[in-house]
Ligand SMILES: *Cc1c(COP(=O)(O)O)cnc(C)c1O
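Residue numbers (my numbering): 51 to 429.
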């Protein structure tokens with residue numbers, strides 16, 4: 051089966067990992083801060099905090115912005131459940147904004163309408179989490195303008211978008227947001243096995259996230275509230291977690307970052323090949339910009355044939371997938387009061403979309419085979 055996404059690990063990656071295994075520190079050595087520095091360079095941000103998953107990064111990002119019980123967090127239904135779950139971990143109330151039918155990202159119009167209504171009702175969100183679906187940036191300048199008017203904070207969920215850009219700015223620069231979060235799960239753009247990272251330009255937020263990553267504990271003499279008893283002394287100043295990433299993973303991340311450009315170029319070549327080869331079939335292909343990280347490449351078909359086409363492809367070893375089952379339709383979210391008829395554009399997108407295989411080691415022959423199978427279905 052050709053999967054819809056997979057990692058590309060080369061000998062350099064393996065050497066980098068083995069080097070850490072032979073060293074003194076498997077965790078809390080220097081590789082994590084090296085990885086963080088590489089990310090600051092990539093994204094032109096001042097601070098990067100690497101953790102064990104994007105879910106953890108979302109959680110500590112929300113906590114650092116002071117999100118707790120009684121606060122409201124908004125995101126889109128067209129995302130993985132992790133985005134909204136992280137808000138629920140904080141005790142916040144989650145609500146959704148529907149997507150734009152063309153970009154599949156948060157609809158800025160819907161957001162504005164909902165914000166106006168929320169203002170009148172005294173129910174404005176504390177944080178909005180736009181998700182850069184498939185690696186394509188949301189309209190961050192417009193979302194930031196709304197944040198300035200309505201007073202909410204912004205966390206970008208850039209789990210799909212390592213290496214992407216918006217208006218010539220790297221995603222993660224936080225030019226239009228408070229914090230940006232990335233994922234390094236093996237199907238994403240680069241991998242550390244499991245892993246995530248948050249970037250920010252705020253020293254205060256960075257310090258809070260660093261502390262939350264490791265039990266809320268500090269050894270930094272400048273930050274102690276009390277007197278140090280000796281060099282062994284540490285203080286717990288807030289309730290944190292163990293969300294640390296290992297040096298083994300960080301070394302893999304650094305090595306993967308070296309190949310980021312070539313990974314992205316290959317994803318664009320593959321998408322272009324799909325677009326050309328599928329142009330005469332009765333389906334639509336995903337539109338994307340040069341700045342997209344192309345985590346996903348989707349086709350859109352009549353909902354009446356989506357399942358039969360999906361099964362036809364799977365039966366012929368093409369490991370297609372569907373992104374995303376709208377979060378508000380999940381049984382757990384239904385129990386929180388959402389109805390499956392809410393957010394119709396996200397539901398419509400779900401019913402028409404199929405994600406085709408796209409990953410850097412996918413060959414032209416494999417792309418051609420996927421196109422050949424698709425053509426066979428329609429003929
Ligand atoms: C993968 C993903 C996450 C969660 O990432 P993990 O690193 O697996 O925790 C969150 N949001 C989106 C949009 C994702 O695709």
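Glycine residues also receive a C-beta, built at the ideal position from the N, C-alpha and C atoms.
- Query: Does the stretch 251–270 come close enough to the stretch 284–297 to have 3 or more Cβ pairs within less than 8 Å?
  - Reply: yes
Subject >> Distance between residue 226 and residue 191 (C-alpha atoms, nearest Å) >> reply: 6 Å
* Of all Cβ atoms in chain D, is any one closer than 8 Å to the Cβ of residue 408? -> Looking at the structure shown, chain D is missing, and only one protein chain is on hand.
Inset, instruction - Drop a sphere of 10 angstroms on the beta-carbon of residue 124, count the other beta-carbons inside from all chains shown, and report buried for 16 or more, exposed for fewer. - result: buried
Problem - Contacts around residue 131, its chain only, beta-carbon distance under 7 Å, and the 5 residues preceding and following it disregarded - result: 377 and 380
**Request:** Could you tell me whether the Cβ atoms of residue 112 and residue 177 are closer together than 8 Å?
**Result:** yes
| said: Going by DSSP in three states, residue 278 sits in which element: helix, strand or coil? | reply: coil
Item to check | Length of the line joining the Cα atoms of residue 232 and residue 109 | outcome: 12 Å
Length of the line joining the Cα atoms of residue 186 and residue 196: 20 Å
Given a cut-off of 8 Å on the beta-carbon distance, is the pair residue 104 and residue 344 in contact? no
Could you check where the alpha helix (DSSP H) with residue 200 kicks off and where it finishes?
190–200
* Buried or exposed: which applies to residue 203, given that a residue is buried once 16 or more other Cβ atoms fall within 10 Å of its Cβ? -> buried
Leaving out five residues before and five after residue 299 in sequence, what residues of the same chain have Cβ atoms less than 7 Å from its Cβ?
242, 243 and 245
- Task: State whether the stretch 318–328 contacts the stretch 66–83, with contact taken as three or more CB pairs (one from each stretch) at a distance under 8 Å.
- Result: no
*May I ask whether a heavy atom of ligand 1 can be found less than 7 Å away from the beta carbon of residue 365?*
no
For this session: Indicate, with yes or no, if ligand 1 has a heavy atom lying under 7 Å from the CB of residue 235.
Result: yes
Check your understanding: Measuring CB to CB, does residue 142 end up less than 8 Å from residue 117?
Key -> yes
Open item on the list: Whole angstroms are fine: how far does the CA of residue 353 sit from the CA of residue 86?
Closed with: 43 Å
_Contact under 8 Å by Cβ, residue 396 with residue 102_ = no
Subject >> Neighbourhood of residue 174 by C-beta distance below 8 Å, restricted to the same chain and skipping five residues each side >> reply: 122, 165, 168, 200, 201 and 202
- Can you tell me the Cα-Cα spacing of residue 271 and residue 278, whole angstroms? 8 Å
- Looking at C-alpha atoms only, which residue of 213, 219 and 61 is the closest neighbour of residue 189? 219
### Message
Quick check on residue 247: buried or exposed, where buried means 16 or more other Cβ atoms within 10 Å of its Cβ?
### Response
buried
Requested in this report: Pull up the CB-CB distance for residue 404 and residue 356, whole angstroms please, since I reckon it's below 8 Å.
Outcome: 7 Å
Note to self: Looking at ligand 1, does it come within less than 7 Å of residue 238, judged from the CB to the closest heavy atom?
What the structure shows: yes
- Message: If you reduce the DSSP assignment to three classes, tell me which class residue 203 lands in.
- Response: strand
#### Entry: Cβ-based neighbour list, residue 411, same chain, cut-off 6 Å, excluding 5 preceding and 5 following
58
Exercise. Do residue 256 and residue 99 come within 8 Å of each other at the CB atom, strictly closer than that value?
Worked result: yes
> When DSSP labels each residue in this structure, what does residue 97 get in the three-state scheme?
Replying inline: strand
- Query: With distances taken from CA atoms, which of 296, 254 and 349 is nearest residue 338?
  - Reply: 349
- Item | residue 409 in three-state terms, based on DSSP | coil
key: Own chain, CB closer than 7 Å to residue 134, minus 5 neighbours either side, in chain order   = 125, 144 and 377
> Alpha carbon to alpha carbon, what distance is there between residue 391 and residue 9?
Replying inline: Residue 9 falls outside the range modelled here, since the chain spans only 51 to 429, and no answer is possible.
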